[in-house]
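Trainee:
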Amino acid sequence: MRGARIMHVLLRRKNLRRPFPRAFASRLKGRRIRSVSRRGKYLLVALDCGDTLLMHLGMSGSFRINRDSKRRTATAEVTGERHDHVVFTLSNGVTVTFNDPRRFGVMDLLGDGRASHQVFAAMGPEPLEASFDAAALARALTGKRVALKVALLDQRVVAGLGNIYASEALHLAGLSPRRRSSMLAAAAGRPTPGAVRLAAAIKTVLRQAIARKERPYRASRFRVYDHEGEPCRTPGCRGTIRRISQAGRSTFYCPACQR
Ligand SMILES: [Zn+2]
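My numbering puts the last residue of the sequence shown at 388; the count rises by one with no breaks.
Have a look at this one:
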């Protein structure tokens with residue numbers, strides 16, 4: 130997308146999780162794309178007019194990129210897929226199609242300067258950057274009384290971590306999702322050994338997930354997520370994976386090896 134001009138935007142419905150902004154397609158048409166980046170769970174497409182196209186995949190959203198549409202046409206390719214909701218046709222002949230069966234995704238246009246939006250101002254560190262380490266995690270959890278799993282979903286603690294990988298990281302670190310968050314910070318906010326393991330586990334599960342690039346959803350790739358009632362995969366552990374609800378979300382964990 131970078132460097133290309135948006136020739137056409139096909140909207141096949143009025144809304145995803147929320148309505149598309151007014152004149153969404155016409156405001157994008159003709160704009161050149163300066164950069165494509167990500168912060169937390171948001172994709173940010175900076176446009177030459179100063180606006181930023183903000184996109185969120187929600188639960189089930191994905192992009193399909195077609196580089197083969199050789200004709201530089203202003204008309205989007207006719208798409209047969211039922212859940213293809215938005216099709217961007219670019220000046221370089223590429224089409225980018227957003228598919229989202231459950232429609233929890235979001236697309237929005239932020240006016241000039243608003244890319245440094247409130248959401249981003251309060252957002253915590255990127256988990257794969259060097260600035261996110263055990264010390265940063267312990268600092269963010271100091272004094273927090275909520276359960277550790279709930280704290281990990283708080284985007285102010287760490288950006289971009291979702292329900293699946295919060296469970297996965299806690300299992301890899303051998304920490305109970307029910308543990309009080311503040312227990313990962315020792316006196317003066319210093320990291321405990323558990324915080325060291327958890328910061329490393331968050332990086333590991335995310336790197337592995339990125340390396341797999343797997344779609345569609347397959348539970349077999351997870352350590353605990355969606356494995357209720359199955360034996361724990363931790364070597365030497367004879368526990369059984371349980372599912373509990375925390376803050377309205379499912380948590381999967383092994384009560385035997387996660388303490
Ligand atoms: Zn276990």
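Even glycine gets a Cβ: it sits at the ideal position worked out from N, Cα and C.
A quick note: this is a predicted structure, and the numbers were derived from the prediction, not measured.
Between which two residues does the beta strand (DSSP E) containing Q80 stretch?
Mentor: With the chain represented from 130 up to 388, any question about residue 80 goes unanswered, as that position is not in the structure.
Trainee: At the level of alpha carbons, what is the spacing between K342 and A315?
Mentor: Residue numbering aside, residue 342 sits at position 213 when the sequence shown is read from its first letter. Residue numbering aside, residue 315 sits at position 186 when the sequence shown is read from its first letter. Going by the C-alpha atoms only, they are around 37 Å apart.
Trainee: What are the partner residues of V174, as DSSP defines its beta bridges?
Mentor: Counting from one through the sequence shown, the residue named residue 174 turns up at place 45. For V174, which the question treats as bridged, DSSP gives the partners V165, L182.
Trainee: Check whether the Cβ of G368 sits closer than 7 Å to any heavy atom of ligand 1, and report yes or no.
Mentor: Start at 1 with the first residue of the sequence shown, and residue 368 comes out as number 239. Yes; taking the cut-off as 7 Å, the Cβ of G368 has a heavy atom of ligand 1 nearer than that.
Trainee: Among A288, V215, I135, D262, which one has its Cα closest to the Cα of E255?
Mentor: The count along the sequence shown starts at 1 and reaches residue 255 at position 126. When only C-alpha atoms are compared, the closest one is A288.
Trainee: Excluding sequence positions up to five away, which residues of its chain have a Cβ less than 6 Å from the Cβ of T202?
Mentor: Locating residue 202 in the sequence shown gives position 73, where the first residue counts as 1. Any answer about T202 is weak, because its pLDDT of 45 lies below 50 and its placement is not dependable; what the coordinates show is given next. For T202, where only same-chain residues beyond five positions count, there are no Cβ hits under 6 Å.
Trainee: With 16 as the cutoff for other CB atoms within 10 Å, does R285 come out buried or exposed?
Mentor: Counted from its first residue, the sequence shown places residue 285 at position 156. Exposed: under 16 other Cβ atoms inside 10 Å.
Trainee: Which same chain residues, not among the five before or five after K158, have their C-beta less than 8 Å away from its C-beta?
Mentor: Here residue 158 is taken as the residue at index 29 of the sequence shown, counted from 1. Excluding sequence neighbours, K158 sits near I135, M136, H137, V138.
Trainee: Output needed for A154: all residues of its chain with C-beta closer than 6 Å, excluding positions within five of it in sequence on either side, in chain order.
Mentor: Position 25 of the sequence shown, counted from the first residue, corresponds to residue 154. Contacts found: V138, L140.
Trainee: Sorted by chain position, which residues of the same chain lie with C-beta nearer than 8 Å to A328's C-beta, five sequence neighbours on each side aside?
Mentor: Walking along the sequence shown from the start, residue 328 turns up at place 199. Answer for A328: F261, D262, A263, A265, L266, P320, listed in chain order.
Trainee: Which stretch, first to last residue, makes up the beta strand (DSSP E) that contains Y382?
Mentor: On the sequence shown, position 253 is the one that residue 382 refers to. Segment 378-382, the beta strand (DSSP E) holding Y382.
Trainee: Check H214 in the structure and name its three-state DSSP category.
Mentor: Along the sequence shown, read from residue 1 onward, the residue named residue 214 stands at position 85. Residue state, collapsed to three classes: strand.
Trainee: Helix, strand or coil: how does DSSP classify H246 here?
Mentor: As a first step, residue 246 must be located in the sequence shown, where it is residue number 117. Of the three classes helix, strand and coil, the one that applies to H246 here is coil, per DSSP.
Trainee: Classify V279 as helix, strand or coil using the three-state DSSP reduction.
Mentor: If you number the sequence shown from 1, residue 279 lands on position 150. Helix, per DSSP.
Trainee: Looking only at its chain, what residues have a beta carbon closer than 6 Å to the beta carbon of A324, apart from the 5 residues adjacent to it on each side?
Mentor: Translated into the one-based positions of the sequence shown, residue 324 becomes position 195. Hits under 6 Å: A263, L266, A267, L313.
Trainee: Is T380 near ligand 1, with its Cβ less than 7 Å from a heavy atom?
Mentor: Position 251 of the sequence shown, counted from the first residue, corresponds to residue 380. No - ligand 1 has no heavy atom lying nearer than 7 Å to the Cβ of T380.
Trainee: Per DSSP, what are the beta-bridge partners of S191 in this structure?
Mentor: Looking up residue 191 in the sequence shown gives position 62. In the DSSP secondary-structure assignment, S191 is bridged to N228.
Trainee: Rounded to whole angstroms, how far is the Cβ of L277 from the Cβ of L290, which I believe are closer than 8 Å?
Mentor: Taking the first residue of the sequence shown as position 1, residue 277 is located at position 148. Taking the first residue of the sequence shown as position 1, residue 290 is located at position 161. About 12 Å; that fails the 8 Å criterion.
Trainee: Grab the span of the beta strand (DSSP E) containing H300 for me, first residue to last.
Mentor: Within the sequence shown, the letter at position 171 stands for residue 300. H300 -> not in any beta strand (DSSP E); alpha helix (DSSP H) instead, spanning 292-302.
Trainee: What's the gap between the Cα of K332 and the Cα of L257?
Mentor: The residue you call residue 332 lines up with position 203 of the sequence shown. The residue you call residue 257 lines up with position 128 of the sequence shown. Taking the straight line joining both Cα atoms gives about 6 Å.
Trainee: Which word fits D177, buried or exposed, when buried means at least 16 other C-beta atoms lie within 10 angstroms of its C-beta?
Mentor: Taking the first residue of the sequence shown as 1, we reach residue 177 at position 48. Answer is exposed; the Cβ neighbour count stays below 16.
Trainee: For R151 and M236, I'd like the C-alpha separation in whole angstroms.
Mentor: Counting from 1 along the sequence shown, the entry for residue 151 is found at position 22. Counting from 1 along the sequence shown, the entry for residue 236 is found at position 107. Their Cα atoms are separated by approximately 11 Å.
Trainee: Do G240 and L145 come within 8 Å of each other at the CB atom, strictly closer than that value?
Mentor: Locating residue 145 in the sequence shown gives position 16, where the first residue counts as 1. Locating residue 240 in the sequence shown gives position 111, where the first residue counts as 1. No.
Trainee: For N292, tell me which candidate among S191, T380, R168, L172 has the shortest Cα-Cα distance.
Mentor: Residue 292 sits at position 163 when you count from the first residue of the sequence shown. Selected option, being the one with the closest Cα: T380.
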